[in-house]
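One structure is given below, encoded as structure tokens.
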Ligand code: DGP
Ligand code: NA
Ligand code: NA
């Protein structure tokens with residue numbers, strides 16, 4: 002089949018939010034739904050812990066290694082860069098990608114440590130721009146009540162509070178914000194609506210951008 006003759010591309014859909022906001026559950030449900038509807042779709046997540054860089058990140062998050070804040074920031078970014086060309090290929094060939102965390106996590110988590118926002122954003126420039134950013138909105142207190150955090154480095158109340166503040170500063174009017182304290186089914190319904198709407202505009206020829 003000649004790829005050039007295909008008129009539509011996939012959508013780059015990004016889910017963001019604090020740890021325990023329900024992103025992973027929702028991206029799984031959304032993936033299943035779209036697949037059942039016959040769409041070409043893949044579920045991705047960052048950090049992708051399967052690559053060499055991803056293993057360094059994973060070890061850092063598990064507190065098994067220490068790294069300078071700038072160094073780990075660049076590794077998270079590198080982890081997105083190493084998937085960039087595959088991402089572009091998939092989107093151009095018509096596959097929609099549901100991505101659990103992307104550049105906004107990079108900026109939100111590192112700037113919550115006090116790193117300069119401009120410095121944090123720079124390595125993200127040139128990555129593919131999402132067609133849709135959905136923010137699952139929950140307070141850090143409510144998120145922490147959800148069976149408690151795990152043992153990973155960032156899963157602490159005070160730090161998540163700072164991350165929430167960083168996300169708030171990053172948010173713009175193009176983001177779709179969904180109340181993450183609603184029932185799983187209600188969130189799923191709202192998510193489907195914004196995603197299907199976005200996929201439609203991509204199918205209609207909205208260009209992929211950086
Ligand atoms: P997750 O697998 O979604 O639970 O992500 C692992 C942790 O890493 C989570 O606390 C969020 C954080 N994180 C994700 N992406 C980035 C990033 O690009 N930079 C930083 N500093 N932290 C990130
Ligand atoms: Na986590
Ligand atoms: Na998660």
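Residue numbers (UniProt numbering): 2 to 211. Glycine included, every Cβ here is placed at the ideal spot set by N, Cα and C. On a predicted model such as this, the values are computed, not experimentally measured, just so you know.
### Query
For the beta strand (DSSP E) that residue 190 lies in, which residues bound it at each end?
As a working note, residue 190 is residue 189 in the chain shown. That residue, residue 190, is in no beta strand (DSSP E); its alpha helix (DSSP H) goes 185-204.
### Query
Where does residue 174 sit, in a helix, a strand or coil, going by DSSP?
The residue labelled residue 174 in the question sits at position 173 within the chain shown. In this structure, DSSP gives residue 174 a state outside helix and strand, which the three-state scheme calls coil.
### Query
Is it buried or exposed for residue 99, if we count other Cβ within 10 angstroms and need 16 for buried?
In the chain shown, counting from the first residue as 1, residue 99 sits at position 98. By the neighbour-count rule (16 or more Cβ atoms within 10 Å), residue 99 is buried.
### Task
Pick out whichever of 138, 68, 84 has its Cα sitting closest to the Cα of residue 111.
Residue numbering aside, residue 111 sits at position 110 when the chain shown is read from its first letter. Ranking 138, 68, 84 by Cα distance to residue 111 puts 68 first.
### Message
Determine whether the beta carbon atoms of residue 84 and residue 132 lie at a separation below 9 Å.
### Response
The residue labelled residue 84 in the question sits at position 83 within the chain shown. The residue labelled residue 132 in the question sits at position 131 within the chain shown. Against a cut-off of 9 Å, the Cβ pair of residue 132 and residue 84 comes out as no contact.
### residue 14 beta carbon near ligand 1 (any heavy atom closer than 8 Å)
Reading the chain shown from its first residue, position 13 is the one you call residue 14. Not under cutoff, so the answer is no.
### Message
Please report the distance separating the alpha-carbon of residue 119 from that of residue 126.
### Response
Taking the first residue of the chain shown as 1, we reach residue 119 at position 118. Taking the first residue of the chain shown as 1, we reach residue 126 at position 125. Those two C-alpha atoms are separated by around 11 Å.
### Task
Using the Cα positions of residue 75 and residue 39, report the straight-line distance between them to the nearest angstrom.
As a first step, residue 75 is located in the chain shown; it is residue number 74 there, counting from the start. As a first step, residue 39 is located in the chain shown; it is residue number 38 there, counting from the start. The alpha-carbon atoms of residue 75 and residue 39 are separated by roughly 37 Å.
### Query
How about residue 35 and residue 129: are their beta carbons less than 9 Å apart?
For this step, residue 35 is matched to residue 34 along the chain shown. For this step, residue 129 is matched to residue 128 along the chain shown. The Cβ atoms of residue 35 and residue 129 do not sit closer than 9 Å to each other.
### Element boundaries [alpha helix (DSSP H), containing residue 85]
By 1-based counting over the chain shown, the position of residue 85 is 84. Boundaries of the alpha helix (DSSP H) around residue 85: 85-93.
#### Entry: residue 139 (DSSP reduced to helix, strand or coil)
Residue numbering aside, residue 139 sits at position 138 when the chain shown is read from its first letter. Collapsing the DSSP output to three states places residue 139 in coil.
### Query
Does the stretch 58-73 come close enough to the stretch 87-98 that 3 or more CB-CB pairs lie under 8 Å?
no
### Query
Is residue 84 near ligand 5, with its Cβ less than 8 Å from a heavy atom?
The model on display carries ligand 1, ligand 2 and ligand 3 but not ligand 5.
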